[in-house]
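One structure below.
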Amino acid sequence: MGDDAPLVELRELTRRLRAECPWDREQTARTIVPHTVEEAYEVADAALADDPVKLRDELGDLLFQVFFLSLLLEEQGEGDLDDVTRAVHEKLVRRHPHVFGDAEARTPGRVRERWEEIKTEREGRIGVFHDVPESLPALLLARKAQRRAAAVGYDWPDLAGPSEKVREELDELLAELARAGRPGPETEPDRAVEAELGDLLFTVVNLARFVNVDPELALRGATGRFRRRVELAERLAAEAGETWTALGLEEQERWYERAKATMGSRAADR
1 MGDDAPLVEL
11 RELTRRLRAE
21 CPWDREQTAR
31 TIVPHTVEEA
41 YEVADAALAD
51 DPVKLRDELG
61 DLLFQVFFLS
71 LLLEEQGEGD
81 LDDVTRAVHE
91 KLVRRHPHVF
101 GDAEARTPGR
111 VRERWEEIKT
121 EREGRIGVFH
131 DVPESLPALL
141 LARKAQRRAA
151 AVGYDWPDLA
161 GPSEKVREEL
171 DELLAELARA
181 GRPGPETEPD
191 RAVEAELGDL
201 LFTVVNLARF
211 VNVDPELALR
221 GATGRFRRRV
231 ELAERLAAEA
241 GETWTALGLE
251 EQERWYERAK
261 ATMGSRAADR
């Protein structure tokens, strides 16, 4: 069998599942897409964990999603996997004239600039915020909108701008919090506080973009570190004969800082 045999086999398997499996038969693009998004996040987790075995497995799951959604297109008479493949091949060639043509782009920054120029000049994209899907997670939606604005020159000239904006928005949020106070449980937030908090998050995303940090991955990493530290703090407290949930905040914080230091020393030993 040729080198493309595994792909042919997966395509045939996808068709058989669609025809013979009661669950697969009932799926539509709307019902399958949540699984596609989930698989994409699992690919991201495997990559961030630097786990090649898990990454290979999760990439397979995501690849099946591509095959399945392409089959749904075929059933609607709107194209098939071959059309999908040809379209992305043509798009990548078109958007890389510095590789497949005479254009020059010697830096990653220039490649990105040229990418946006091509989408506007040759692909008919209209408006600053063309093709920004509202379904993106909020952090990525903010970053994509900011990138679109930066592509037309609406951006800070240096790091001082976004850094100062974060401080400014934080001060505005704190002022609103001082006025409104903390709301009661299960009540709507103060509208002004909500707006200022949104502004602060937006400026933090902009700062992350400015220093080439993916805010979604950065936040996921911070959440993972927090979970691991709390879990270790709980174990350390238990080893000392203490019950984490029965401790006051000061004692919990003491164990948390000990866990943080322990994890830091372990990282240094590697």
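Residue numbers (my numbering): 1 to 270. Ideal Cβ placement from N, Cα and C applies to all residues, glycine included.
inquiry  = Buried or exposed, going by whether 16 or more other CB atoms sit within 10 Å of the CB of Tyr-256?
reply    = Translated into positions along the sequence shown, residue 256 becomes position 256. Burial call: buried.
query = Under a Cβ-count criterion, where at least 16 other Cβ atoms within 10 Å of its own Cβ denotes burial, should Asn-212 be classed as buried or exposed?
reply = Taking the sequence shown and counting its residues from 1, the one referred to as residue 212 is at position 212. Its Cβ having fewer than 16 others within 10 Å, Asn-212 is exposed.
task = Output yes or no for whether 7 angstroms exceeds the beta carbon distance between Glu-20 and Glu-42.
result = Residue mapping note: residue 20 aligns to position 20 of the sequence shown, counting from 1. Residue mapping note: residue 42 aligns to position 42 of the sequence shown, counting from 1. No, Cβ-Cβ distance for Glu-20 and Glu-42 is not below 7 angstroms.
key: CB-CB length for Glu-176 against Val-152, believed under 8 angstroms   = As a first step, residue 176 is located in the sequence shown; it is residue number 176 there, counting from the start. As a first step, residue 152 is located in the sequence shown; it is residue number 152 there, counting from the start. 32 angstroms between Cβ atoms; not a contact.
task = Check whether the Cβ atoms of Val-205 and Val-166 sit closer than 7 angstroms, and answer yes or no.
result = Numbered from its first residue, the sequence shown carries residue 205 at position 205. Numbered from its first residue, the sequence shown carries residue 166 at position 166. No, Cβ-Cβ distance for Val-205 and Val-166 is not below 7 angstroms.
ask   = Out of curiosity, what's the CA-to-CA distance linking Trp-244 and Gln-65?
value = Residue 244 sits at position 244 when you count from the first residue of the sequence shown. Residue 65 sits at position 65 when you count from the first residue of the sequence shown. Each residue's Cα considered, the two are about 42 angstroms apart.
ask   = How many angstroms separate the CA atom of Arg-11 from the CA atom of Ala-195?
value = The residue given as residue 11 occupies position 11 in the sequence shown. The residue given as residue 195 occupies position 195 in the sequence shown. Each residue's alpha carbon lies about 48 angstroms from the other.
message = What residue range does the alpha helix (DSSP H) around Ala-145 cover?
response = Start at 1 with the first residue of the sequence shown, and residue 145 comes out as number 145. 138-151 is the span of the alpha helix (DSSP H), which, as asked, contains Ala-145.
request  = Look at Glu-39 and Leu-139 and say whether their C-beta atoms are less than 7 angstroms apart.
outcome  = Translated into positions along the sequence shown, residue 39 becomes position 39. Translated into positions along the sequence shown, residue 139 becomes position 139. Result no, Cβ atoms of Glu-39 and Leu-139 do not sit closer than 7 angstroms.
Exposed unless 16 or more other CB atoms sit within 10 angstroms - verdict on Phe-68 = The residue given as residue 68 occupies position 68 in the sequence shown. Per the 10 Å Cβ criterion, buried.
task = Starting from Glu-196, follow the alpha helix (DSSP H) in both directions and report where the run begins and ends.
result = Position 196 of the sequence shown, counting from 1, holds the residue named residue 196. Where Glu-196 is concerned, the enclosing alpha helix (DSSP H) stretches over 191-210.
request  = Within the same chain, show all residues whose beta-carbon is closer than 7 angstroms to that of Trp-23, passing over the 5 residues directly before and after it, in chain order.
outcome  = To locate residue 23, count along the sequence shown from 1; it is residue 23. Cβ within range, chain order: n/a, list empty.
task = Compare the Cα-Cα distances from Glu-75 to each of Pro-97, Leu-62 and Thr-28 and report the closest residue.
result = The residue given as residue 75 occupies position 75 in the sequence shown. The candidate whose alpha carbon is nearest that of Glu-75 is Thr-28.
ask   = How many Å lie between Leu-63 and Pro-183 at the Cα?
value = By 1-based counting over the sequence shown, the position of residue 63 is 63. By 1-based counting over the sequence shown, the position of residue 183 is 183. The straight-line gap from Cα to Cα measures roughly 46 angstroms.
query = Assuming Leu-71 and Arg-15 make a contact with CB atoms under 8 angstroms, what is their CB distance in whole Å?
reply = Position 71 of the sequence shown, counting from 1, holds the residue named residue 71. Position 15 of the sequence shown, counting from 1, holds the residue named residue 15. Sure, about 7 angstroms apart at Cβ, within 8 angstroms.
request  = Express the C-alpha separation of Arg-258 and Phe-129 in angstroms, rounding to a whole number.
outcome  = Counted from its first residue, the sequence shown places residue 129 at position 129. Counted from its first residue, the sequence shown places residue 258 at position 258. Spanning the two alpha carbons is a distance of roughly 47 angstroms.
task = Put Glu-253 into one of helix, strand or coil per three-state DSSP.
result = Within the sequence shown, the letter at position 253 stands for residue 253. The answer is helix: DSSP assigns Glu-253 an H, G or I state.
ask   = In whole angstroms, what separates the C-alpha of Ala-5 from that of Gly-241?
value = Looking up residue 5 in the sequence shown gives position 5. Looking up residue 241 in the sequence shown gives position 241. Cα to Cα, Ala-5 sits roughly 59 angstroms from Gly-241.
ask   = Are the CB atoms of Arg-209 and Arg-110 nearer to each other than 7 angstroms?
value = Here residue 209 refers to the residue found at position 209 when the sequence shown is read from its first residue. Here residue 110 refers to the residue found at position 110 when the sequence shown is read from its first residue. In this structure, Arg-110 does not lie closer than 7 angstroms to Arg-209 by Cβ.
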